[in-house]
Every structure is written in C-alpha cells, then in structure tokens.
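Residue numbers (this note's numbering): 2 to 389.
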Ligand SMILES: Cc1ncc(COP(=O)(O)O)c(C=O)c1O
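Right, dumping it as structure tokens:
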C-alpha cells in the first residue's frame, strides 16, 4: 500500500541547483584546451572564508576546544559582536539578547515563520523573490501572497500595493538588496513599509543578507525603524562564508522566548566552530572590501557590456551580485534560452522562472560574483552568440 507523504514533500526544487548541475556536466564534458564554462548562475562568492576567520577556527581546534553544542541562540561573544555591528554600521542600538545565531539565513526562516504565523496565514512578498521564502512557507502550510512587481517600483513592494491587498496578509517579507533583482528600498520606502506593517498588525520580516554589498545606495536595517520586525542576516554573502552555515536574526521582544524554544528543539545550536570563525570575520574587513571591489568592477563590466550584447533591459543593480535582465525581446522561454546559452556559448545563468513562476519566462538572472576575467570574457561571447 502506498504510504502518505506530507505537504512538505511537495516542495518544488530550487531550479538554480539544476542549472548548477547542468553547468558542471557541461564543464566536465569539454575536451582539454576548450574554452571553459563561464559560471554566472551561482549565488555564492568563490572566495571562501576570510583568512582571519579560518585562522580563528584552526586556533580553536588546535587548542583542543571540544566544540560541543552552544546555547540555542549562539555564543555570547558572537551575539555581542553582532549587536556592536548594528551600532557601528547603522547607529542602531540592539541588546545582544535580541540576537539569535542561526544555521545560515536559511535556518532563520522556519524559526521566524513558525514563531510568527500559523498554518493558513498569508505572507506577502514581491515577485520576483528568493524561491525558498515561498517554498518554506508552503511546506509549513502557510500561504505566500505574491505582489507582482516590475521596473516601475524597482521590483520592490510599495505601501500602495499593500493597501490594495484584500484580505490583508499576516506577514510581509522584504529583501533589500533583493535576490534576484539586486534592487533596494530607500530609507523612506522601508520606513513607510515598516510603519504600515505596524499600523496594520502585519509582521515584517526583512531579509538583509546582501547588506555590505551595495554600490552607492544607502543600506538601512528594519531594526532601525520597527521594534516588531524580524531581521534576518547571514555570514554567507558579504562575509563570504556560505558553507560555514552561520546566520542571525534580530528578534522583537515578543518572539525571543518562542524562537529560542523552537531553535532548541529544531537545531539545538548552529555549528560551534563556525560561530568562532564568524566572530573573527568582523576583523577581516580589508579582505572583504577587496572581494566587494571585485564585484563592483564585475558589475561595471556587465552594466556596460550586456546592453551592447543585446541584453538592454536591466534592473537597477543597486546591490547583491545579480543583474536581472528582461529578455522578452529575445524569448519568453528563459529555461530553453538558458539551456541554449550554456550549450552554445558556454555561459551558465539562471532562468527567471525560479524567482517568478508567472513571468520568469521573460527574465534571466546573471550573477557576477565570479572571477573578473570570466565576466570580461562573458560580454564578447554573448555578443558573438546573439549575433549569429
Ligand atoms: C535572499 C537570500 N536570502 C537567504 C539566503 C540563504 O542564505 P544562507 O542560508 O546561506 O545564509 C540566500 C542565499 O542565496 C538569499 O539569496
């Protein structure tokens, strides 16, 4: 007899992982000496943890520290260091008690969703969006409420869109800079959204994982404009520590104990040695700024070169390391287009359907966190490919 499978078993794949697998297969099949595959699909820095962070982990291991569980909310010195980061970077005073260290930002989402919402609750988000928001909510029986956004609002939600929602959602997720569009909310926009959420009893979750990676626009934290918002951040992007699996939340007072109990039950703690490394990464700013300078140069290369190659409708690339290209003049099948681009031009990028099931057939996400030489080579390759 076939056994029942749960709702969570229906979670769709995160398609970018399939693109990564296809790009790996293509790279492995190339004869020696052939031009390699240019990787513009990956959403992770190729640089690895900063040296000082890795060295702190090595020192702790060599000193024979047992690296057992930590408290559910993490090592005290790391929580204090994160709280200090809010004072230094944003001028916002956060009590270290409000900082919860998590297993990446990914580990923060189920904790935040389960603490703040019930099955059946609606949680709004702009489309295009980071797919796990909707997939995790759905797996938990919650209902993503999609706000279709376009270049006219920089692919970000507005108070007018929220006002128009009927019924009102129980929650709202914002991301600035966002993935995949790379666009940001201004201080006024974030303030207005946070005030609207407070006035309407809507729990705001602000994904600030790409903070540190913006190229001129001001980064504002929701922790500075709302005491009821949940802020999510991570060491994966600016701090270049994806595989170390450390993120954090700044929690509102009313959710501190509920999230702590959930975290004790679901994760016990984030990896101990990685927490030691994460604390040390705050001392590696020179190295991290050098990584960011590479992204900035890559961004400039592509913003100049992609339009010349035929990708002339690009979202404002305020931050993160993505360029969201409207390719509707070229195709309405981004999956087929990306597959051809990989097979014929040797360039991997992510089809938009991952991020916007309804309209993503007309968009492609280019990631520019790879090496400078690859980004420079991508432009002439794309030009040649599209002019054939
Ligand atoms: C917008 C956004 N949020 C969260 C994550 C998850 O990051 P991590 O779990 O590595 O901290 C990612 C990863 O790509 C992301 O792009």
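Note that CB positions come from ideal geometry on N, CA and C, so glycine has one too.
Sequence-distant residues of its chain with Cβ nearer than 7 angstroms to residue i (five each side left out)
i	result
residue 320	178, 183, 185, 211, 214, 215, 216, 218
residue 10	none
residue 376	299, 302, 303, 369
residue 292	46, 48, 241
residue 73	261, 264, 265, 269, 270
residue 36	347
residue 378	39
Proximal residues to residue i (C-beta, below 6 angstroms), its chain only, five neighbours per side dropped
i	result
residue 122	143, 171
residue 273	68, 71
residue 297	216
residue 1	Since the first residue of the chain shown is 2 and the last is 389, residue 1 is not available in this structure.
residue 221	188, 191
residue 87	93, 95
Beta carbon of residue i nearer than 8 angstroms to that of residue j
i	j	result
residue 234	residue 261	no
residue 115	residue 263	yes
residue 240	residue 205	no
residue 310	residue 387	yes
residue 69	residue 248	no
residue 145	residue 139	yes
residue 141	residue 125	no
residue 352	residue 365	yes
residue 153	residue 175	no
residue 340	residue 367	no
residue 117	residue 257	no
residue 277	residue 61	yes
Host beta strand (DSSP E) of residue i (start-end)
i	result
residue 14	First-last for residue 14: undefined, no H or E at that position.
residue 146	144-149
residue 390	Residue 390 falls outside the range modelled here, since the chain spans only 2 to 389, and no answer is possible.
residue 364	364-368
residue 266	Segment 257-267 is the alpha helix (DSSP H) holding residue 266; no beta strand (DSSP E) there.
residue 325	323-327
residue 204	204-208
residue 173	172-176
Between the CA atoms of residue j and residue i - distance to the nearest angstrom
i	j	result
residue 22	residue 54	29 angstroms
residue 268	residue 41	33 angstroms
residue 324	residue 160	25 angstroms
residue 307	residue 28	23 angstroms
residue 392	residue 192	Look at the range of the chain in this structure, 2 to 389, and you will see that residue 392 is not part of it.
residue 331	residue 313	11 angstroms
residue 223	residue 96	15 angstroms
residue 64	residue 58	10 angstroms
residue 34	residue 7	48 angstroms
residue 327	residue 333	10 angstroms
residue 329	residue 24	23 angstroms
residue 294	residue 89	21 angstroms
Exposure of residue i, with buried meaning 16 or more beta-carbon neighbours within 10 Å
i	result
residue 94	exposed
residue 238	buried
residue 46	buried
residue 361	buried
residue 173	buried
residue 287	exposed
residue 39	buried
residue 355	buried
residue 78	exposed
residue 52	exposed
residue 158	buried
residue 371	buried
residue 31	exposed
Span of the alpha helix (DSSP H), counted from its first residue to its last, around residue i
i	result
residue 106	105-117
residue 385	373-388
residue 274	273-282
residue 160	160-164
residue 292	286-310
residue 197	188-200
residue 136	132-140
residue 336	335-341
Chain-order list of residues whose beta-carbon lies under 8 angstroms from that of residue i (same chain, five-residue window excluded)
i	result
residue 385	346
residue 156	127, 129, 150, 179, 182, 184, 316, 325
residue 250	100, 101, 103, 109, 112, 113, 231, 232, 233, 234, 260
residue 82	280, 283
residue 135	126, 145, 147
Residue i Cβ short of 7 angstroms to ligand 2 heavy atom set
i	result
residue 237	As presented, the structure is devoid of ligand 2, carrying ligand 1 as its sole ligands.
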